[in-house]
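Heads up: the sequence lines are chains A and B, in that order.
For the first sequence, this note's numbering begins at 5 and goes up steadily by one.
For the second sequence, this note's numbering begins at 59 and goes up steadily by one.
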Amino acid sequence: MHDLKVAGKYYWHYLRAYPWQFLGILVAVICFATSLAVAPTYMGAAVRDLTDYLRNGASLNQFYRDLGIMTLLYIFSSLGDFSTSMFMSWIGGVATGKMRTGMFRKMQKMRVEYFDTHSDGDILARYTSDLDNIFNAMNEAFVQLIYSIAQILGIVIMMFHNSVPLAFITMATTPLAIIIAAVNIHQAGVAVDRQQDDIGDLNGYINEQITGQKVIITNGLQQDSIAGFEERNARVRESSLRGQIWSGVLQPLMNGMMLLTSAVVIFFGSWFVLQGGLQTGVGLALIVAFVQYAQNYFQPIVAVTSVYVQIQLAITAARRITQVHEQPEEKRPEPGLAVSTVHDALTIEDVHFSYNPGTEVLHGVTMTAKRGQMVALVGPTGSGKTTVMNLLNRFYDVDSGRICIDGVDIRTMNLDALRKTVGIVLQDPQLFTGTIRANISFGQPDASLAAVRDAAKQANIDDFIMSLPDGYDTEISDEQSVLSTGQKQLVSIARTILTNPQLLILDEATSNVDTVTEERIQKAMDNVIAGRTSFVIAHRLKTILNADRIEVLRDGRIIEAGTHAELLANKGFYSSLYRNQMVFD
Amino acid sequence: MKTLWPYLRRFWRAELVATIATIIMAFASLWQPHLLQQVMAAIIANRQQQVLHLGIELIVFAALGIVAGVVNTVFSARAAVGIATALRSDLYKQVQSFAFADIETFAASKLVVRMTNDINQVQGMVMAVFQIVARVPIMFIGALTLALLTVPSLWWLLAIMLIIIVVIAIVGMKRMSKYFGAIQARIDDVNTIARENLMGVRVVKSFVQEDAQIKQFTSASDKMNALAIKIGYTFSVMMPGFFLIGYLAMATAILVIGQSLRVHPAYLAAVASFTGYLMQLLMAVINASFIASGTTRAFVSLGRIGEVFAHKPSMHYPDVPVVNLPGSIEFDHVDFSYPGASQPTLHDINFKVAPGQMVGIVGATGSGKTSLAQLIPRLFDATKGVVKVGGSDVRTLAAGSLRQTVAMVMQRSTLFSGTIASNLRQGKPDATTRDMHWAADIAQSSEFIRRLDAGFNAQVEERSANFSGGQKQRLAITRGVIAHPKVLIMDDSTSALDARSERLVQEALDRELKDTTTVIIAEKIASIIKADQILVLDGGRLIARGTHKELLKTSPEYRAIYQTQKAREGVFADA
Numbered sequence: 005m006h007d008l009k010v011a012g013k014y015y016w017h018y019l020r021a022y023p024w025q026f027l028g029i030l031v032a033v034i035c036f037a038t039s040l041a042v043a044p045t046y047m048g049a050a051v052r053d054l055t056d057y058l059r060n061g062a063s064l065n066q067f068y069r070d071l072g073i074m075t076l077l078y079i080f081s082s083l084g085d086f087s088t089s090m091f092m093s094w095i096g097g098v099a100t101g102k103m104r105t106g107m108f109r110k111m112q113k114m115r116v117e118y119f120d121t122h123s124d125g126d127i128l129a130r131y132t133s134d135l136d137n138i139f140n141a142m143n144e145a146f147v148q149l150i151y152s153i154a155q156i157l158g159i160v161i162m163m164f165h166n167s168v169p170l171a172f173i174t175m176a177t178t179p180l181a182i183i184i185a186a187v188n189i190h191q192a193g194v195a196v197d198r199q200q201d202d203i204g205d206l207n208g209y210i211n212e213q214i215t216g217q218k219v220i221i222t223n224g225l226q227q228d229s230i231a232g233f234e235e236r237n238a239r240v241r242e243s244s245l246r247g248q249i250w251s252g253v254l255q256p257l258m259n260g261m262m263l264l265t266s267a268v269v270i271f272f273g274s275w276f277v278l279q280g281g282l283q284t285g286v287g288l289a290l291i292v293a294f295v296q297y298a299q300n301y302f303q304p305i306v307a308v309t310s311v312y313v314q315i316q317l318a319i320t321a322a323r324r325i326t327q328v329h330e331q332p333e334e335k336r337p338e339p340g341l342a343v344s345t346v347h348d349a350l351t352i353e354d355v356h357f358s359y360n361p362g363t364e365v366l367h368g369v370t371m372t373a374k375r376g377q378m379v380a381l382v383g384p385t386g387s388g389k390t391t392v393m394n395l396l397n398r399f400y401d402v403d404s405g406r407i408c409i410d411g412v413d414i415r416t417m418n419l420d421a422l423r424k425t426v427g428i429v430l431q432d433p434q435l436f437t438g439t440i441r442a443n444i445s446f447g448q449p450d451a452s453l454a455a456v457r458d459a460a461k462q463a464n465i466d467d468f469i470m471s472l473p474d475g476y477d478t479e480i481s482d483e484q485s486v487l488s489t490g491q492k493q494l495v496s497i498a499r500t501i502l503t504n505p506q507l508l509i510l511d512e513a514t515s516n517v518d519t520v521t522e523e524r525i526q527k528a529m530d531n532v533i534a535g536r537t538s539f540v541i542a543h544r545l546k547t548i549l550n551a552d553r554i555e556v557l558r559d560g561r562i563i564e565a566g567t568h569a570e571l572l573a574n575k576g577f578y579s580s581l582y583r584n585q586m587v588f589d
Numbered sequence: 059m060k061t062l063w064p065y066l067r068r069f070w071r072a073e074l075v076a077t078i079a080t081i082i083m084a085f086a087s088l089w090q091p092h093l094l095q096q097v098m099a100a101i102i103a104n105r106q107q108q109v110l111h112l113g114i115e116l117i118v119f120a121a122l123g124i125v126a127g128v129v130n131t132v133f134s135a136r137a138a139v140g141i142a143t144a145l146r147s148d149l150y151k152q153v154q155s156f157a158f159a160d161i162e163t164f165a166a167s168k169l170v171v172r173m174t175n176d177i178n179q180v181q182g183m184v185m186a187v188f189q190i191v192a193r194v195p196i197m198f199i200g201a202l203t204l205a206l207l208t209v210p211s212l213w214w215l216l217a218i219m220l221i222i223i224v225v226i227a228i229v230g231m232k233r234m235s236k237y238f239g240a241i242q243a244r245i246d247d248v249n250t251i252a253r254e255n256l257m258g259v260r261v262v263k264s265f266v267q268e269d270a271q272i273k274q275f276t277s278a279s280d281k282m283n284a285l286a287i288k289i290g291y292t293f294s295v296m297m298p299g300f301f302l303i304g305y306l307a308m309a310t311a312i313l314v315i316g317q318s319l320r321v322h323p324a325y326l327a328a329v330a331s332f333t334g335y336l337m338q339l340l341m342a343v344i345n346a347s348f349i350a351s352g353t354t355r356a357f358v359s360l361g362r363i364g365e366v367f368a369h370k371p372s373m374h375y376p377d378v379p380v381v382n383l384p385g386s387i388e389f390d391h392v393d394f395s396y397p398g399a400s401q402p403t404l405h406d407i408n409f410k411v412a413p414g415q416m417v418g419i420v421g422a423t424g425s426g427k428t429s430l431a432q433l434i435p436r437l438f439d440a441t442k443g444v445v446k447v448g449g450s451d452v453r454t455l456a457a458g459s460l461r462q463t464v465a466m467v468m469q470r471s472t473l474f475s476g477t478i479a480s481n482l483r484q485g486k487p488d489a490t491t492r493d494m495h496w497a498a499d500i501a502q503s504s505e506f507i508r509r510l511d512a513g514f515n516a517q518v519e520e521r522s523a524n525f526s527g528g529q530k531q532r533l534a535i536t537r538g539v540i541a542h543p544k545v546l547i548m549d550d551s552t553s554a555l556d557a558r559s560e561r562l563v564q565e566a567l568d569r570e571l572k573d574t575t576t577v578i579i580a581e582k583i584a585s586i587i588k589a590d591q592i593l594v595l596d597g598g599r600l601i602a603r604g605t606h607k608e609l610l611k612t613s614p615e616y617r618a619i620y621q622t623q624k625a626r627e628g629v630f631a632d633a
């Protein structure tokens, strides 16, 4: 029920923009349903006219008139059907488009925290399967539902108008049909859920086994693997059989009910004619009309049962997308203080921070980077280095304490201006599908080719790009690997160089790349650091040696700080870390 | 089709029952308009008894239709699910008979898709065939025949109606399949942008490109919508169009019958039945056109499944007894290239390793270290030359002999969901708790296994997500050593361990597996500094061989690698 309310609000928000189109649909549906409901009466009338013509020698004029009206009604019903479909296709397309871009827009404003705590697959499913379900529901299920209701209404009215007893007889099987459908849908739901679980389990098994096939081959485990497979395959067999039967049997059952109802109508109709003293012509007309009604009446019932599942999916989808819209957004002071450079220093003052309330990961961190200085952060995994980086351009906000540029709290600054001032090079060089040029000019889409090349030269990657047949226009994407991991890193460095940030955060790569590329990365990093105020999560000895200051983090605290020589002389944690030749990761 | 045929034959009983039921269903539907016609005639002639009789007949036929429908569904499902299960099982066995090269030819992920999605497609198609498809031609021919029998003079009307509908269906479907192809590409674009923005959320935010991304996404989404709307419009024209044609044909039929009533008075009773047949004919054609577009996908799937069956395993093991082998390794002028690769990966590799030795392999990424190691347990066959283990050409050995002699720990440690114990038993099926403790001590995994409540019976989740990278590697090493192999290959399998743990593993190996030949591929020279011999690979060639001390003197390439690592990682404490 709660879901229904949430879904109602969601659809209202997106669909209320189209009142005229919905009015159009309403008119079209009424036109469709009325015509379809009335037409059989005229077909019956035509038969009656023919009977009169044959028996009593009446003229055919009445027949022509009734047949003409019937034809017109059918044309109207087709036009109504056509218009409804057209309107609904348009609304469905445009509204789902709005929902899609609306969600994307929202996500651009959301906090990094959401993306860090939710799996990509789950978020992406909202763009794919959830929006798909909504689109399908709008295009098929909703139209079908409106039609069906209108059709049933129209037919019921016409049936009672034509003959009350026959109307009751036609509807007599309805409760039975509804009970059958309800039981069936429920059972099918249970069976299909079971089936999906078992199939999921089997797919998981196959995926795991085939991905680990090298282990299976080297340990000679093929027979065991087959045994495990057969066990799951047998389960899938049992549950799919149930699922397929329960979900497959509804359609023939409903078709059968339709046949049965027609048979009952014919039976009683003719009995009425023969017993009740109805005139033969009128009686024949009634039977003809009611056979049509019995069939047209059951069609929408069958249709509703088959769209039931679709509508449920659409309701769930609306709920899941609404969850996204309810997420908190980044705090943006408007307009906020403009910032463009570091005049004096960046200071981190007694910062406490926790990702989850109650488990603090930074316990009062204080450090300073003077203009032009390079500060290296070192420490074991989990010491909080990355967390410090996350705070500097406000991917996360501090719990207490503050981070200031020239004495001004960064939370009072204009967020866009702050992020333009603070450049970042991540360990994992995320690139985007598109040309190399577009990737380098990502932060400055209007940069000239000369500027792009200049940045690439500083990042030591220009010569490689020029050696590609398409040069800077080479398309890159996730699937095709034009660039190696190391080269991607270089492109990401060029991307940062181009925006010329005053303050730099740099997470050195640890991945194993070949020696030549590693040399290049080192040079590129040196180029980008030169002349800027920078924080570096350092893994390379050379970076550490060159740092103006080294901050040693351990368990969320700074335990030592100073230059390399000072720290070694201290004979503390740093010097043991260093002497133990542990890789700084 | 050739792929499916044997399976269709296996389930012929269920299929036969399903088909008979379909035919009964179709006749029950077809017979109703005919009985209606007789009822009308009887009413006109005022024959009460006959009407009653026909009425009962009508109800019996309807009931028969329901029973036949249920029977049809049950047996169609049996056939479809049975075929899918058998097909999947055979496919899985086929894949298990593959050598690694065969799996790489197809790519593991694609094989998974074939065993899951593709089989589902086939199952859906078989179900549809026996549930609906068989009925379509029967309904079509039946409705057509009965319509013609009812009012023979209207053949031309039926012909015109069918031609128009078939033409519309073909044109519409063609257009539709063009749109469907195009929209798939647009959907991919939208999803790519969404996905990249999720993964690159930090990049987008730090470069303040939110608005630019929204613009790009909106434009991709608009393109997709435009096509979706076009598809909707096409449907909007097609479906009402079909029905309109049916209705017009119906009106024409009634008109013609009315005008010819003086000549054929009996046609009066046929009005309702003829129009009934018309609508049934129409539905048959509509169903056929939808099924036609649906089955094309299943046939593509079937073709892909057929490819896997048609692929002959590229490697065979001779049927010879399993023997115990000493741990020596010999490469005799070995060349190797991956299937389908134009360039050989290894050139003329020559070396010998005595039992119990430790061998290190170093070289840049892509120099062929892993490829070389994979030839030892015969994951691949050499393209030229001979690889010998325990003095015998690996191609002359039974699979069992190789498996019990050589254990390999991979670069990416793969564990299977289950328990730690079930994973360790993969290395030694009859492993006792003592064996497990012994192996875990060597691999330095005892320390964290002990901390788990269930110990060796602790669950391993899918993708072993409940263990860290270092723990996974240590478990993989535990599995590798548990059977006390004669040859142990470690392919960069200590990369996630810290220097201390790595050293402890090596010391334990020295102590506990003295007689085991170990082959260690390493990025860090520190890992193999004590090896009896170090192989230096470069571009697939063995360019130097010797101990660390010898190589420092003789090999400039080795020296270069050593220098860069020294700079990166600080001083080597014991070099």
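Here a beta-carbon is modelled for each residue, glycine too, at the ideal position from N, C-alpha and C.
Keep in mind that this is a model prediction, so the values were computed, not measured.
#### Entry: Pairwise C-alpha distance: residue 473 (chain B) and residue 489 (chain A)
26 Å
#### Entry: residue 69 (chain B) versus residue 144 (chain B) - alpha carbon distance
10 Å
### Proximity test, Cβ basis, 9 Å: residue 62 (chain B) and chain A
no
### Query
Hey, does residue 114 (chain B) have any beta-carbon neighbour from chain A nearer than 9 Å?
yes
### Bridge partner(s) assigned by DSSP for residue 517 (chain B)
B:477
### Message
Once DSSP output is grouped into helix, strand and coil, what is the label at residue 558 (chain A)?
### Response
strand
### Message
I need the straight-line Cα distance from residue 112 (chain A) to residue 239 (chain A), nearest angstrom please.
### Response
44 Å
### Task
Step through the CB atoms of chain B and report whether any lies within less than 9 Å of the CB of residue 24 (chain A).
no
### Message
For a contact defined as C-beta to C-beta under 7 Å, what are the partners of residue 564 (chain A) on chain B?
### Response
The premise fails here: residue 564 (chain A) is roughly 17 Å from chain B at the closest Cβ pair, so nothing lies under 7 Å.
### Message
Excluding the 5 residues flanking residue 430 (chain A) on each side, which residues of the same chain have their C-beta closer than 6 Å to its C-beta?
### Response
511
### Query
Comparing the C-beta of residue 498 (chain A) with each C-beta of chain B, is any distance below 9 Å?
no
### Task
Below 6 Å CB to CB, which residues in the same chain sit around residue 244 (chain A) once its five sequence neighbours on both sides are set aside?
199
### Query
Does any residue of chain B bring its CB to less than 9 Å from the CB of residue 18 (chain A)?
no
### Query
Leaving out five residues before and five after residue 229 (chain A) in sequence, what residues of the same chain have Cβ atoms less than 6 Å from its Cβ?
213, 220
### Task
Report the rounded CA-to-CA distance for residue 211 (chain A) versus residue 150 (chain B), giving the unit in angstroms.
11 Å
### Reduced DSSP secondary structure (H/G/I, E/B, other) of residue 280 (chain B)
helix
### Query
Buried or exposed: where does residue 74 (chain B) fall if 16 or more other Cβ atoms within 10 Å of its Cβ makes it buried?
exposed
### Query
Do you know how far the Cα of residue 166 (chain B) is from the Cα of residue 298 (chain A)?
54 Å
### Task
Consider the Cβ of residue 131 (chain B): report whether some Cβ of chain A lies at a distance smaller than 9 Å.
yes
### Query
Going by alpha carbons, who is nearest to residue 294 (chain A) out of A:571, A:43, A:7?
A:43
### Message
I'd like the ranges of any beta strand (DSSP E) spanning at least 3 consecutive residues and lying wholly in the region 343 to 382 of chain A.
### Response
349 to 360, 363 to 374, 378 to 382
### Message
Could you check whether the Cβ of residue 475 (chain B) sits closer than 9 Å to any Cβ belonging to chain A?
### Response
yes
### Task
Measure the beta-carbon distance from residue 76 (chain B) to residue 142 (chain B) and round it to whole angstroms, keeping in mind my assumption that it falls under 8 Å.
The pair is not a contact, with the Cβ atoms about 15 Å apart (cut-off 8 Å).
### Message
Quick check: is the beta carbon of residue 578 (chain A) nearer than 9 Å to any beta carbon in chain B?
### Response
no
### Query
Taking C-alpha atoms, which residue in B:226, B:62, B:179 lies nearest to residue 703 (chain B)?
Outside the shown range of chain B, which is 59 to 633, sits residue 703 (chain B), and nothing can be said about it.
### Message
Pairs of beta-carbons, one from the region 89 to 96 of chain A and one from the region 119 to 134 of chain A, closer than 8 Å: are there three or more?
### Response
no
### Task
Using the Cα positions of residue 331 (chain B) and residue 344 (chain B), report the straight-line distance between them to the nearest angstrom.
20 Å
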